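Trainee: Residue numbers (the numbering used here): 2 to 131. Positions of the beta carbon are idealized from the N, C-alpha and C atoms, including for glycine. The model shown is predicted, which means the values in this text are computed figures rather than measured ones.
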């Protein structure tokens with residue numbers, strides 16, 4: 002192929018990918034809107050899950066628990082007072098590493114680490130029957 006043909010093919014491919022992206026974007030917006038509507042409908046009916054008898058699809062509202070650090074100094078002071086934790090590993094607190102420790106502490110003791118708050122996020126899962 003010569004340079005002109007390559008450039009022409011590239012422009013066609015670019016146009017096609019842009020068109021496909023526009024279709025994808027519109028479909029994704031519709032999906033997100035319907036997902037929101039489904040979650041609202043489940044909540045209005047005080048349901049955590051539902052199953053469509055005709056398709057076998059299920060929708061479930063799940064809750065993700067997270068730990069939000071509100072006061073890093075209090076958290077680091079707490080870490081320093083834990084004999085099983087090496088405080089040097091947490092200088093410049095890495096949230097993802099700390100979150101696992103904080104969740105374990107919450108499960109074992111029933112208490113939040115000082116300087117943190119519990120953050121619950123609801124999300125919707127939809128599964129198709131295969």
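(1) Would you tell me roughly how many angstroms separate the C-alpha atoms of residue 97 and residue 39, rounded to the nearest one?
(2) With contact counted as at least three CB pairs below 8 angstroms, one residue from each stretch, are the region 102 to 115 and the region 44 to 61 in contact?
(3) Considering only residues of the region 67 to 128, which uninterrupted beta strand (DSSP E) runs meet the minimum length of 3 residues and lie entirely inside it, listed in chain order?
(4) Could you compute how far the alpha carbon of residue 2 sits from the alpha carbon of residue 123?
(5) Taking residue 70 as the reference, give the member of 100, 81 and 85 with the closest Cα.
(6) If I follow the unbroken alpha helix (DSSP H) through residue 51, where does it start and stop?
Mentor: Based on what the coordinates show:
(1) Cα to Cα, the separation comes out at about 31 angstroms.
(2) Not touching, per the Cβ criterion.
(3) List check, beta strand (DSSP E) in window: 117 to 128.
(4) Those two C-alpha atoms are separated by around 54 angstroms.
(5) That would be 100, whose Cα lies nearest to the Cα of residue 70.
(6) Taken as a continuous stretch (DSSP letters only), residue 51 belongs to no alpha helix (DSSP H), being part of the beta strand (DSSP E) at 50 to 52.
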